[in-house]
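Numbering (the numbering used here), first residue to last: 3 to 98.
Dropping the structure here:
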């Protein structure tokens, strides 16, 4: 799998950041080292992904309509395991 992720940042203020990540079938996102003082929320708008946490070698599966809370300073990586584009909306607060 190639590491590919199309990231779009919509808003970023002192209090919150909001954007999306798009992965084609079979694509893998880059490793995000996490955000020292910010929680991050993933919401699966479309598709089927695995979110990998290398710190404890754990995977969480997300399908359309699922959400995941990522604690501060937690590294993570997305894998599109479906046969369609995967769209994840994400938000960090406070601003990382």
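All C-beta atoms in this analysis are idealised placements derived from N, C-alpha and C, irrespective of residue type, glycine included.
task: Can you grab the Cα-Cα spacing for the pair residue 54 / residue 28, in whole Å?
output: As the crow flies, the alpha-carbon of residue 54 is around 15 Å from that of residue 28.
query: Are the stretch 50-64 and the stretch 8-17 touching, with three or more C-beta to C-beta distances below 8 Å?
result: Contact between the stretch 50-64 and the stretch 8-17 is absent, because fewer than three Cβ pairs lie under 8 Å.
task: Determine the closest residue to residue 31 out of 79, 42, 66, 58, with distance taken between C-alpha atoms.
output: Of all alpha-carbon atoms in 79, 42, 66, 58, the one lying nearest the alpha-carbon of residue 31 is that of 79.
Assigned exposure category for residue 25 - 16 Cβ within 10 Å defines buried: It counts as buried.
field: As assigned by DSSP and simplified to three states, the class of residue 97
entry: Residue 97 falls in the coil class under three-state DSSP.
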